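Going line by line, the protein sequences match chains A, B, C and D.
What the first sequence shows, in the numbering used here, is residues 1 to 435, in sequence order.
What the second sequence shows, in the numbering used here, is residues 436 to 870, in sequence order.
What the third sequence shows, in the numbering used here, is residues 871 to 1305, in sequence order.
What the fourth sequence shows, in the numbering used here, is residues 1306 to 1740, in sequence order.
Presented below is the structure to which this report refers.
There are 4 protein chains.
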Amino acid sequence: MPSVGTRRGHHACVQRYEQLLHMLRLPDKEAAPGVRKREMATTTGSERVPVPRDRDDDYTREAATARADFIREQTGQELEHVTSYSFDPSTLTGNVEQFVGVAQVPIGLAGPLLVNGEHAQGEFYVPLATAEGTLVASYNRGMRLLYEAGGVKTTIMDDRMQRAPAFLFASAREAREFGEWLRENFDDVKKAAETTTKSGKLQDIEQYTAGRMVYTRFNYTTGDAAGQNLTGKATAAACAWIAGKYEDIEHFFLESNFATDKKSSQVNMLHTRGKRVVAEATIPNELFQRIMRSDSRLMYRARQVSNLGGFMSGVNNNGAHSANGITAMFIATGQDAANVAESSAAFVYAELRENGDYYYSVTIPSLIVATYGGGTGLATQRECLEMLGCYGKGNVRTFAEIVAATVLCGELSLGSAIVAEEWVESHDLYGRNRP
Amino acid sequence: MPSVGTRRGHHACVQRYEQLLHMLRLPDKEAAPGVRKREMATTTGSERVPVPRDRDDDYTREAATARADFIREQTGQELEHVTSYSFDPSTLTGNVEQFVGVAQVPIGLAGPLLVNGEHAQGEFYVPLATAEGTLVASYNRGMRLLYEAGGVKTTIMDDRMQRAPAFLFASAREAREFGEWLRENFDDVKKAAETTTKSGKLQDIEQYTAGRMVYTRFNYTTGDAAGQNLTGKATAAACAWIAGKYEDIEHFFLESNFATDKKSSQVNMLHTRGKRVVAEATIPNELFQRIMRSDSRLMYRARQVSNLGGFMSGVNNNGAHSANGITAMFIATGQDAANVAESSAAFVYAELRENGDYYYSVTIPSLIVATYGGGTGLATQRECLEMLGCYGKGNVRTFAEIVAATVLCGELSLGSAIVAEEWVESHDLYGRNRP
Amino acid sequence: MPSVGTRRGHHACVQRYEQLLHMLRLPDKEAAPGVRKREMATTTGSERVPVPRDRDDDYTREAATARADFIREQTGQELEHVTSYSFDPSTLTGNVEQFVGVAQVPIGLAGPLLVNGEHAQGEFYVPLATAEGTLVASYNRGMRLLYEAGGVKTTIMDDRMQRAPAFLFASAREAREFGEWLRENFDDVKKAAETTTKSGKLQDIEQYTAGRMVYTRFNYTTGDAAGQNLTGKATAAACAWIAGKYEDIEHFFLESNFATDKKSSQVNMLHTRGKRVVAEATIPNELFQRIMRSDSRLMYRARQVSNLGGFMSGVNNNGAHSANGITAMFIATGQDAANVAESSAAFVYAELRENGDYYYSVTIPSLIVATYGGGTGLATQRECLEMLGCYGKGNVRTFAEIVAATVLCGELSLGSAIVAEEWVESHDLYGRNRP
Amino acid sequence: MPSVGTRRGHHACVQRYEQLLHMLRLPDKEAAPGVRKREMATTTGSERVPVPRDRDDDYTREAATARADFIREQTGQELEHVTSYSFDPSTLTGNVEQFVGVAQVPIGLAGPLLVNGEHAQGEFYVPLATAEGTLVASYNRGMRLLYEAGGVKTTIMDDRMQRAPAFLFASAREAREFGEWLRENFDDVKKAAETTTKSGKLQDIEQYTAGRMVYTRFNYTTGDAAGQNLTGKATAAACAWIAGKYEDIEHFFLESNFATDKKSSQVNMLHTRGKRVVAEATIPNELFQRIMRSDSRLMYRARQVSNLGGFMSGVNNNGAHSANGITAMFIATGQDAANVAESSAAFVYAELRENGDYYYSVTIPSLIVATYGGGTGLATQRECLEMLGCYGKGNVRTFAEIVAATVLCGELSLGSAIVAEEWVESHDLYGRNRP
């Protein structure tokens, strides 16, 4: 039975702590082939035919081609287009295993998007990777509206990425004592966590109790990386330190549904995961009428009905479709699109002014973005980030603001379309692809 | 002010109804250029520089190159890789506007995945488009576990796609009367809706009331398409018919946050959006120990803690990370990845048997998939669907089962890793790409 | 191990079915003393000193006095006021066990409340049992506002009480088959359920699936009773019939958190538990200004902020404090106040009209009320119901409308106070009791 | 238009601040008659017949009798029992307005309840005010089980009562700046808040942002009072101070659905409102079998199914029926029963040990209780608190632990009954009152 999760006396734990810390500090390059070795071994004598790998270097055109050939043999399917990639597979280490080729996702350009942010300022042409007809046209239309309205104001309200270990004790009473200890020893926990990372800084630790458990959220700032991995590693180191110091932990688990990675949750809507960004604007009704063939009063009425609808239906977003723009930008720029689960949450707040002007704001409480690490350095994705002036360190807040501004444009475009009933019409004109 | 949303006497409404039906039945091919014409016109004499379009045919390499050149002029950025696509842009009509090139998303192969479905039966090699290191390795490892455990049993429990118009009345009393009328006239409403679609069938209409509103959900089966567009069109036609028949509607809106397209909601978790699929398996502990260096008893304990954690945190998924596998398959196969917002919801139910066997099931209540239409026919995406034997009509249920089975493999793999603390370790070995 | 929950072959189940049906049909009066006998027996030779009971007749002043004496002996506390009740304890059979006396909860009168319902029509003086200073004054003030505004319009939108058994099967596939069978055999299930009740009518059975379970909601109308008990009994009979007919049920449980009795849930907010009632009114701003020292524009702004606040905080009620009025009426009229858990849910929808008029509606989706059975026949409670003309059969809808109208008055009163900042002030004037 | 909510320059605000502080500090006893005077005046010349009040002293038997007579005249209903109260109405100042008499709610005694708390230690006989047949018997049975199992361990994990003002600004950017200012000026805000209260201590201020708003939660400890009023007053004083200091507030509202008084919310389930109490115990299966005719293995299975059911249904409590015991104790002891809305939330966490022992814990995250102020000093309510040794200052934690221990007994009793199918049976034996 695995040992670290369980507390078995101080001594064992300290040992394990050192061992785990060692492991975290010194990623053992030799270990990887070992893993592969084991994997290959298991197939011997079995009917199971694993995907072929090259033990010496699996990130080559040859290795990829071998897998494409394997697929042809196994399924009869040629991968002509999948194997038509323009970059060197050696760049993929750390991004994908058993690489065979690429999905080519079409990118449409929308813009200019006019942003009045603290980091993003000026006009941007936004790459949207999508196969949903009308999506680019719709965002583009919203960008035109907001351009003429003077642009989108954006503000980053908060910034935190977390891992959420849970700790089990003999009873609630010991759980409470641990909670106090954890608060008192925050500085040391922070030190232990930050041994594993340069860019991650532990900000605070939230605590939530139930039964004999303490659920925590270790909140970090993570620089220009999205930070799920660095927070994972830092929190593991912190937990190892904690387990070495604190006798009474019966078990701990590095995740227990309180960071809700790749999932939507109220706790993240309240407490932020990634960036919490607000995009807002005030639009004269004349522009809605002229550009959108719509009307702010009717839009506002629809908004009220949607607000209540969303409250009843238990939705994570009382707005329209922020996930559309977010997903399209995420795929284009190498973000982890699985984070659309969290990043799709939004709070819309609108006001109809007496003169018919429409104040509209959208708050994205869990926008998980990076301009460094992950998929951001891949060939096409990096070009898309660079087109926005956002590749690499120091740019993540600019990028977050551009995403939020894009979302607002899409909200007002679809919001207009619904009341103008152009919605169905426009879908019909551009259509979905009907093969 | 737009007219259809508002009821202004029977006569106007019938006229509008005919007009809208006409529009819905006969998509006017000539209309599209008109839209474009207006758009180009507005830029004249403005400082705003829109993305260039070719009025005659915008779906050509030349038009795309013109946009790439435009980006270079505007931003200084070359799009060398983005413009390296292997297909003819003319295939993109209905998928994207203002096409400039592609995002090349790396695909790793996982498998063989052994599925005991009603539609999917046998072994599959699964294409996962991702840039998140370890994702493919982790799913692959889960697939091996489940292979040795005899495969994943999959069952589609329900199938429905919806649009959710809301209707406003003078007061709650008229709203209630309308609700009764709508139930009584279901057959006619169904007929009106289905005039616009061959594959969409209106199954029923749910009603939810609040204040002076009736929120509805028009539930359809949609064949092998995901169906958001066809249900939109069909429901618009139904609403037009309704508005022409029923005097007392003050307003209606085609969407009011009760279908929660591209958003996660309790109503969809309860009532299904897309396919409701269960994947389940019973795994001997010996396999966990041998293959996963884990243990079913510890996994079960972690599951209990996660279940409560998720309940407290208000998460839409008490499992681990289904969005990872779903997103990677969605991008590879041309699904709308924005639907990860809905499709990330899941219900995990596990049992520890007295002999240590672990029964594990994951239910995906809103899996939105297609094997026809949308992005499924794009060059690389179609190859990926064909690799699974799932391209085109008659295959959507097979595909849904493969996705669900993949998800289960990923859940057990990450679930094992968390308790075995391989989790951080494995991320460290394969790493995220650190440029 | 208990047997009915588990399916052990057809024969055993049919036997058990007959046995359970027998039990349900013929409540065995002799059984009760047996239960008591066992209970008394256990105390012999133990240090545990149970509350004394009279085996022959426990519902007498003497038995109650014996318990008051017992409390004095055990705790030193005289129960002078608790034992000052004005009714004969023999009326309490079926309401309480081990009766010792009463809580005297002060009742304040509010009104006149002017209701324009379908059942409640005219003026009512409303008894509010509470110890919260300002509550009666606040509702009274709201009633005055609405009186001058022409009264509160009330509409009952739906009516259903449920029990929610869950059924377990070998796998999801058998669960799905059972779901189909249950739909096909609804008429027989209904017959089996209704053998146990005169007033309960099974309307339909909702189904929700996850893993290898089918969660159901058996929805009944229950006449003038709240109906939790009759639906419990009817559903038990239905389940016994089902278990006798359907071979493959592995387990069933009469409740599995899908009726959410005494708890608040999204499913009940969507699908109604008890009565779904709307109260609505349109109030001229002049009245807000004159009577409430408030203003509709400011109230509306506060409402918008509260709507978003409630959406973020994950509240079950975007209004102000409906539980206050509901609880006070529930205690006064013998409703089960524990149902405040469900009945506290509400949907507020408001509109600011161009002339400053304020349309306001409150929807109570799970108002659980009775005018018959339960505590409604107790001495003081019955007087309070009769004061409203609502005691006994045929009155439950009238009563539900009065409750909803009262709630709306309280919402507008507190809503006014918050913006007028009379809120804190008024609490200070009338104060909470400070001993 | 009311002025304080709106910021109109520094000068006006400081004036208003002094005025409001003055008002908060010196409750003007002369003001109350003025309020009454206005109220009486408005009825002149109107058809509306208000409930009669005595301007000089409304808290007398005579005033109450006048109202009972009024009801007889208006409705024909005698209030024989309602007017049979045993205390002097002069004690009701600050508890109720327009007092007419009492609801006599029957109290049953359950016990002995054995508690191993930090504050509550030993045996208690628990007064339960209810009209729901079987409730007392069921809790009593659970208390016997837990007595034999060695008692219930209780732990108070947290303690906080809040008001939640929201602040509006020109845009999100000013909102963020205010948030920083508020953190920096916490000490002064705390001082301003605490000028109004002896027992209330401001602990911290949570912040949640959306759009151009900052929603806050002012968290206090409140001694032995429930504290809704004192936190209201203290927060109003704090807001007045803030508004006088901070120029840029456009509006503020004392409540915006983030304290969710009298409502259930995720934010309170996460962050506590009132006391967060855990009750836990480990019970040998032998006791379940002997006392409850049940079995821990079957109960655990049912629990798993209920956990998932509650997750799907969106319930605020994955347990069984804590509201039953809480409400009955609340009514008996003068708590505000409307707080059942919040206090009904619960987290159940259970474990089946290998030997069949059943570890069971219930966490009540928002248990709002007092032993001082509110209704606790009323005649019968005080006797009930004293019977528990809990009346007055210094006892609130003892009382909270007794409530939590009672809840746990009820959970295991109903949990047993459901699987033993005694549930319906027992309801049938004791029955609901059928008049």
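Positions of the beta carbon are idealized from the N, C-alpha and C atoms, including for glycine.
All values reported here derive from a predicted model rather than from experimental measurement.
Residues Phe1056 and Asn1089 of the same chain have their beta carbon placed closer than 8 Å to that of aspartate 1074 of chain C, with the five preceding and five following residues left out of the count. Beyond the five residues adjoining it in sequence on each side, threonine 75 of chain A comes within less than 7 Å, by CB distance, of no other residue in the same chain. Of C:Ser1134, C:Ala1249 and C:Gln991, the smallest CA-CA separation from threonine 961 of chain C is found for C:Ala1249. Interface criterion met: the Cβ of leucine 743 of chain B is under 7 Å from a Cβ in chain D. Shown here, valine 517 of chain B sits in coil according to DSSP, grouped into three states, outside any helix or strand.
The alpha-carbon separation between glycine 319 of chain A and asparagine 692 of chain B amounts to approximately 8 Å.
Rounded to whole angstroms, the gap between the alpha carbons of isoleucine 1588 of chain D and aspartate 1566 of chain D is 36 Å.
DSSP, read as helix, strand or coil, puts proline 165 of chain A in coil.
Per DSSP, the unbroken beta strand (DSSP E) holding valine 713 of chain B starts and ends at 709–718.
Residue C:Thr1025 holds the alpha-carbon nearest to the alpha-carbon of threonine 1268 of chain C among C:Arg1046, C:Ile941, C:Thr1025 and C:Asn1155.
Spanning the alpha carbons of glutamate 988 of chain C and alanine 607 of chain B requires a straight line of approximately 12 Å. With respect to chain D, the C-beta atom of glycine 646 of chain B has no partner C-beta closer than 7 Å. As summarised for the stretch 1099–1177 of chain C, the continuous alpha helix (DSSP H) elements at least 4 residues long and confined to that stretch are 1136–1141 and 1155–1162, given in chain order. Cβ-Cβ distances below 8 Å link cysteine 1544 of chain D to Pro1470, Phe1557 and Leu1559 in the same chain, with the five nearest sequence neighbours on each side left out; the list follows chain order. Taking 7 Å as the threshold, the shortest C-beta distance from leucine 689 of chain B to chain A falls below it. For aspartate 623 of chain B, the uninterrupted alpha helix (DSSP H) segment begins and ends at 621–629. For phenylalanine 969 of chain C, DSSP records a beta bridge to D:Gly1413. Residues of chain B with a Cβ closer than 9 Å to the Cβ of lysine 1023 of chain C are, in chain order, Ser606, Ala607 and Arg608. Excluding its 5 nearest sequence neighbours in each direction, threonine 670 of chain B has C-beta neighbours in its own chain below 7 Å: Arg598, Pro600, Ala628, Phe653 and Leu689, listed in chain order. When Cβ-Cβ separations below 7 Å define contact, asparagine 703 of chain B makes no contact with chain D. At a Cβ-Cβ threshold of 7 Å, alanine 584 of chain B and leucine 563 of chain B do not count as neighbours. Listed along chain D, the residues sitting closer than 7 Å to asparagine 753 of chain B by beta-carbon distance are Phe1616. In this structure, the straight-line span from the alpha carbon of valine 831 of chain B to that of valine 136 of chain A is close to 27 Å. According to the DSSP assignment, aspartate 1509 of chain D belongs to the beta strand (DSSP E) that extends over 1506–1515. In the assembly as shown, glycine 1264 of chain C is an exposed residue. Its beta-carbon has fewer than 16 other beta-carbons within 10 Å. Between the stretch 306–322 of chain A and the stretch 697–705 of chain B, the count of C-beta pairs closer than 8 Å reaches three or more; the two stretches touch. If you check the CB distance, valine 1712 of chain D and alanine 1607 of chain D do not come in under 7 Å.
Only Ser796, Val797, Thr798 and Pro800 from the stretch 796–809 of chain B bring a Cβ to less than 9 Å from some Cβ of chain C. Counting only Cβ-Cβ distances below 8 Å, valine 136 of chain A has contacts in chain B at Val531, Glu532 and Gln533, in chain order.
Residues of the stretch 1146–1164 of chain C whose Cβ lies closer than 8 Å to any Cβ of chain B, in chain order: Arg1146, Val1148 and Glu1150.
DSSP, read as helix, strand or coil, puts glutamine 1686 of chain D in helix. Interface annotation for the stretch 172–206 of chain A against chain D: Ala172, Arg173 and Arg176, criterion Cβ-Cβ distance under 7 Å.
In this structure, valine 535 of chain B lies away from alanine 840 of chain B, with their beta-carbon atoms at least 7 Å apart. Contact with chain A is absent for tyrosine 1696 of chain D, since none of that chain's Cβ atoms lies less than 7 Å from the residue's Cβ. Aspartate 659 of chain B counts as buried, since at least 16 other C-beta atoms from the protein chains shown sit within 10 angstroms of its C-beta. Secondary structure at valine 1232 of chain C: strand, using DSSP grouped into helix, strand and coil.
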